[in-house]
Amino acid sequence: MIKLTGINKIYRTNEIETLALENVNLDVEKGEFVSIMGPSGCGKSTLLNIMGLLDAPSSGKIEINGTSVENMKDKELAAFRNKTLGFVFQSFHLINSLNVIDNVELPLLYRKMPAKERTRLAKEVLERVGLSHRMRHMPTQLSGGQCQRVAIARAIVGNPEIILADEPTGNLDSKMGAEVMELLHKLNKEDGRTIVMVTHNEEQAKQTSRTIRFFDGRQVM
Amino acid sequence: MIKKIICQLWNQRRMNGWIFIELVIVSFFLWTVIDPIYILTADKLIASGYDAHNRYVVKIGNYESSNGNYQAEMNTDSICKESYNRIIRVVRDLPEMKDFSIASSASFPNSGSWNGTQIYNDTADIKNDKYIHTQYYEFYLQDGSNMFRTYGMKDAFTGADINIPADAGTRQKVFLSEALARALFGKTDVTGQKVYSHDKSSYEIAGVFQDYKHRNYEQPYPLLVWVYNEIQGKTYMNWRYSITFSLKEGVDANAFEQRFKKEVMPLLKAGNFYCSGLESFEEVSYMYAQRSGVINQLRLKYSLAGFALLCIFLGMVGTFWIRCNARRQEIGIMRSMGASENAVRNQFLAEAFLLVTVAFVVALPVVFHQVHESGFFSSGVTRTILDMSYWQNQPVMHFCIVTLMTYIILLVIALIGTYIPVKRASHILPADALRDE
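From first to last, the protein sequence lines are chains Z and X. FYI, the UniProt record's numbering numbers position 144 of the first sequence as 144, with every residue one higher than the one before it. FYI, the UniProt record's numbering numbers position 168 of the second sequence as 168, with every residue one higher than the one before it.
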């Protein structure tokens with residue numbers, strides 16, 4: 001499903017070079033729920049961004065669903081990201097000037113889908129995450145847990161095969177964190193979606209099918 | 001998509017409020033700057049009714065009694081006439097000359113002065129004082145002089161040279177411009193009809209010529225042409241009669257001017273008259289525009305327009321620069337959700353388009369009120385007759401054209417001002433944009 005081969009990522013400034021990822025080779029099978037663990041600054045989020053085509057590796061090869069993304073142009077890359085990948089971020093990354101349903105509809109907007117169909121799908125997923133009664137609320141009017149559920153609804157509304165979650169419970173209390181984890185497990189088990197999650201939480205990592213550990217930009221286990 | 005953008009603009013109304021107010025003010029200001037530019041430019045673009053290319057006025061002076069070349073015995077009317085005719089014939093016989101004309105002093109385009117009179121189409125109108133005010137030109141047929149051909153004035157119907165009847169010089173016949181014919185008779189096909197002067201003298205219309213502009217930056221004013229057989233001898237006749245001519249096709253104007261100064265000017269000396277120089281019609285036109293202040297007025301308006309546009313441009317770039325930087329994270333979110341660089345750019349451009357359009361619509365009633373109270377820009381020429389075939393003379397059309405021009409200019413500037421910062425902002429990696437919190 002996701003195949004990373006020889007991925008290196010170097011951040012360069014005028015004075016220093018920082019090696020964020022070094023020769024990462026990784027395979028994620030379809031339907032897996034993989035967690036990535038490691039101390040802060042070890043390159044977990046960078047890896048997730050590269051997997052999600054939000055960042056470009058300095059070298060190495062990325063294949064998703066058997067498609068090599070190296071030579072894709074911006075427009076193709078955007079369309080590929082839109083259809084195949086869903087993102088859940090630690091700080092939710094909702095657009096504060098849009099209400100809940102408009103935030104959820106966002107990925108569908110770039111598919112040129114008719115407005116009615118967009119609204120129907122957005123309502124469906126909001127119902128699924130238990131927020132159908134908050135559709136017209138602005139993100140600033142929601143709790144952290146609710147915001148993350150909106151973000152999950154936005155990640156799955158376009159029915160992507162892969163969900164990439166970057167510390168999805170990092171900003172939530174334990175109760176809300178548990179709710180979000182339950183939702184992710186449900187998406188993995190019931191819908192068969194492939195999930196890659198970056199986490200610091202050992203307990204949550206144990207609940208996933210595989211844990212990959214990182215240290216100083218290298219895969220250690 | 002547009003509905004979403006409108007919602008988003010409304011939700012960000014605090015951030016958008018300032019640029020909106022700025023756009024409303026600028027829309028009003030720009031309209032008032034574009035209006036005079038439109039009028040002055042549109043008036044200038046109207047066909048002049050003559051051809052200025054390779055046409056010249058010979059400047060003739062006469063020696064003052066204090067001058068060493070002054071000859072007192074030459075200062076009689078008959079000798080002056082003979083002397084002036086001698087000069088005329090030297091000009092007429094120039095090998096490069098195509099047509100020449102002896103006209104009254106003000107009777108050439110952009111001349112320093114202007115002759116006007118009142119004309120009637122019926123003797124009853126004289127009683128009722130229902131006159132048409134017209135400008136008039138005069139020229140003299142002697143020695144083959146033909147003002148129409150020299151200036152390139154054409155017949156209104158055939159577009160060919162104007163036919164001058166053999167008895168035209170008896171001052172019984174006149175030629176009218178289309179504008180004057182329309183003003184007097186409501187039509188231009190009036191050859192053979194009569195017009196009257198204030199003393200009830202009647203004149204038969206010998207022909208109608210295409211509308212003619214005495215001043216390049218003005219609309220054609222009604223013009224009447226009187227023709228005489230010959231000039232009269234006077235000591236000051238150099239002030240009264242202008243000698244103009246056109247060059248043959250293919251003559252190098254620069255070379256001719258050089259030769260004229262070197263070889264011809266010394267020959268143009270008879271009695272107390274002498275040639276003081278040669279001026280092309282183009283030079284005369286430019287000098288008049290300079291003197292009358294039209295050029296300065298246009299420069300001022302263009303500068304104001306340029307300044308306004310620069311302010312708008314910098315304002316838009318600055319505001320959208322700030323907006324784009326403030327919304328880098330949002331751009332990152334959009335990109336991570338599958339928006340291409342183009343989609344992000346288009347959304348921001350659509351926002352700019354909506355802001356400009358709504359602000360412009362809000363400013364329009366204020367502009368309309370201003371026009372209603374103070375009128376459109378006036379170029380300074382008082383007219384008794386307005387030719388309604390020119391759009392700038394039709395109030396509704398005038399308002400619509402200036403409004404459209406202002407809107408298009410404002411929109412183009414706003415879109416460029418938006419495009420530059422948005423292009424930069426959308427060109428970053430989504431991961432980098434998302435890191436900006």
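A virtual CB, placed ideally from N, CA and C, is assigned to each residue, including glycine.
Exercise. Mapping DSSP to helix, strand and coil, what is Ser-374/X?
Worked result: If DSSP states are grouped into helix, strand and coil, Ser-374/X belongs with the helices.
Exercise. List, in order along the chain, the chain Z residues whose C-beta lies closer than 7 Å to that of Pro-430/X?
Worked result: What Pro-430/X touches in chain Z: Leu-54.
For this session: Spell out a yes or no on whether the region 167-179 of chain X and the region 65-77 of chain X are touching, meaning 3 or more CB-CB pairs, one atom from each, closer than 8 Å.
Result: With the rule of 3 Cβ pairs closer than 8 Å, the region 167-179 of chain X does not count as touching the region 65-77 of chain X.
Exercise. Since Asp-27/Z meets chain X, which of its residues come closer than 8 Å, beta carbon to beta carbon?
Worked result: Under a criterion of Cβ atoms nearer than 8 Å, no residue of chain X is adjacent to Asp-27/Z; the nearest Cβ is some 22 Å distant.
Exercise. Is Val-57/X near Thr-244/X, with beta carbons less than 8 Å apart?
Worked result: With respect to Thr-244/X, Val-57/X sits close: the two C-beta atoms are nearer than 8 Å.
Exercise. Looking at chain X, which residues of the region 145-173 of chain Z have a Cβ within less than 8 Å of any of its Cβ atoms?
Worked result: So the close ones are Arg-154 and Gly-158.
For this session: Take Thr-413/X and list the residues in its own chain whose beta-carbon comes closer than 8 Å to its own, dropping the five residues that flank it on each side.
Result: The displayed chain sequence assigns Ile, not Thr, to residue 413/X. Closer than 8 Å at Cβ, skipping near neighbours: Leu-309, Ile-312, Phe-313 and Met-316.
Exercise. Quick one: what's Glu-138/X bridged to in DSSP?
Worked result: Beta-bridge analysis with DSSP links Glu-138/X to Trp-226/X.
Problem set entry | Nearest candidate by alpha-carbon position, reference Lys-186/Z, set Asp-173/Z, Ile-2/Z and Ile-152/Z | That would be Ile-152/Z, whose Cα lies nearest to the Cα of Lys-186/Z.
Exercise. Residues in its own chain within less than 6 Å of Val-294/X by CB, not counting five upstream and five downstream?
Worked result: Short of 6 Å from the beta carbon of Val-294/X, and not among the five residues preceding or following it, lie these beta carbons of its own chain, in chain order: Tyr-217.
Exercise. CB Tyr-212/X to CB Tyr-84/X, shorter than 8 Å?
Worked result: Not in contact: Tyr-212/X and Tyr-84/X (Cβ atoms no closer than 8 Å).
Exercise. Taking 8 Å as the CB-CB limit, is Met-1/X close to chain Z?
Worked result: Yes, Met-1/X lies at the interface with chain Z (some Cβ there is under 8 Å from its Cβ).
Exercise. Can you find a CB in chain X that lies within less than 8 Å of the CB of Lys-123/Z?
Worked result: No, no contact with chain X.
Exercise. Whose Cβ in chain Z lies nearer than 9 Å to the Cβ of Asn-325/X?
Worked result: Chain-ordered listing is empty here: chain Z has no CB closer than 9 Å to the CB of Asn-325/X, the nearest sitting near 16 Å.
Problem set entry | Contact under 8 Å by Cβ, Gln-118/X with His-198/X | Contact: yes.
Problem set entry | From Val-26/X, Lys-59/X, Val-227/X and Arg-14/X, residue whose alpha carbon lies closest to that of Ser-97/Z | Ranking Val-26/X, Lys-59/X, Val-227/X and Arg-14/X by CA distance to the CA of Ser-97/Z puts Arg-14/X first.
For this session: Could you name the residues of the UniProt domain "ABC3 transporter permease C-terminal" (303-428) of chain X whose beta carbon sits closer than 8 Å to any beta carbon of chain Z, in the order they occur along the chain?
Result: Residues of the UniProt domain "ABC3 transporter permease C-terminal" (303-428) of chain X with a Cβ closer than 8 Å to any Cβ of chain Z, in chain order: Gln-329, Glu-330, Gly-332, Ile-333, Met-334, Arg-335, Ser-336, Met-337, Gly-338, Ala-339, Ser-340, Glu-341, Asn-342 and Ala-343.
Exercise. Hey, Ile-156/Z and Gly-86/Z: beta-carbon distance below 8 Å or not?
Worked result: Between Ile-156/Z and Gly-86/Z, the gap from beta carbon to beta carbon is short of 8 Å.
Exercise. Name the DSSP beta bridge partners of Tyr-56/X, please?
Worked result: The partner list for Tyr-56/X (beta bridge, DSSP) reads Phe-245/X and Ser-280/X.
For this session: Quick one: residues in its chain with C-beta nearer than 8 Å to the C-beta of Ala-20/Z, no 5 flanking neighbours on either side, listed in chain order?
Result: These residues qualify, in order along the chain: Lys-9, Ile-10, Tyr-11, Gly-43, Thr-46 and Gly-217.
Exercise. Hey, would you say Leu-126/Z sits closer than 8 Å to Ile-162/Z, going by beta carbons?
Worked result: Pairing Leu-126/Z with Ile-162/Z gives a Cβ-Cβ distance that is not under 8 Å.
Exercise. Exposed or buried, Cys-80/X, counting other C-beta atoms within 10 Å across all chains shown (16 or more means buried)?
Worked result: Per the 10 Å Cβ criterion, buried.
For this session: Go through its chain and collect everything with a Cβ distance to Val-33/X's Cβ below 8 Å, but skip five positions before and after it.
Result: If we look at Val-33/X and ignore the five residues flanking it on each side, its Cβ neighbours are Lys-301, Leu-304, Ala-305 and Ala-308.
Exercise. Taking the alpha-carbon positions, what's the Glu-82/X to Gly-233/X distance?
Worked result: For Glu-82/X and Gly-233/X, the gap between their C-alpha atoms comes out near 8 Å.
Problem set entry | Spatial distance of Pro-421/X from Arg-435/X (CA atoms) | Taking the straight line from one Cα to the other gives about 19 Å.
Exercise. Where does Asn-16/X sit, in a helix, a strand or coil, going by DSSP?
Worked result: In this structure, Asn-16/X counts as helix in the three-state DSSP scheme.
Exercise. Would you call the region 109-117 of chain X and the region 260-272 of chain X in contact, with 3 or more CB pairs under 8 Å?
Worked result: Not touching, per the Cβ criterion.
Problem set entry | First and last residue of the uninterrupted beta strand (DSSP E) at Leu-85/Z | DSSP places Leu-85/Z inside the beta strand (DSSP E), whose first and last residues are 85-88.
Problem set entry | C-beta neighbour in chain Z for residue 485/X, strict 8 Å | No information on residue 485/X is available, as it lies outside the stretch 1 to 437 that chain X covers here.
Exercise. Who are the Cβ neighbours of Gly-169/X in its own chain at under 6 Å, not counting the five residues just before and after it?
Worked result: Once the five neighbours on either side are set aside, the close Cβ partners of Gly-169/X are Leu-141, Val-227, Tyr-228 and Asn-229.
Exercise. Any idea if Lys-154/X is buried or exposed, counting beta-carbon neighbours within 10 angstroms, 16 or more meaning buried?
Worked result: The C-beta of Lys-154/X has 16 or more other C-beta atoms within 10 Å across all chains shown, which makes the residue buried.
Exercise. With DSSP run on the structure shown, which of helix, strand or coil describes Leu-142/Z?
Worked result: Note: Leu-142/Z maps to coil in three-state DSSP.
For this session: Report the residue from Ser-378/X, Ser-426/X and Lys-3/X whose alpha carbon sits nearest the alpha carbon of Gln-219/X.
Result: Gln-219/X has its Cα closest to that of Ser-378/X, out of Ser-378/X, Ser-426/X and Lys-3/X.
Problem set entry | beta strand (DSSP E) runs contained entirely in the region 135-177 of chain X, provided each spans 3 or more residues | With a minimum length of 3 residues, the continuous beta strand (DSSP E) runs that stay inside the region 135-177 of chain X are 170-177.
Problem set entry | 8 Å Cβ cutoff, Gln-297/X in contact with chain Z | Not closer than 8 Å to any Cβ of chain Z, the Cβ of Gln-297/X fails to qualify, so no.
For this session: Express the C-alpha separation of Arg-149/Z and Met-113/Z in angstroms, rounding to a whole number.
Result: Distance between the alpha carbons of Met-113/Z and Arg-149/Z: 23 Å.
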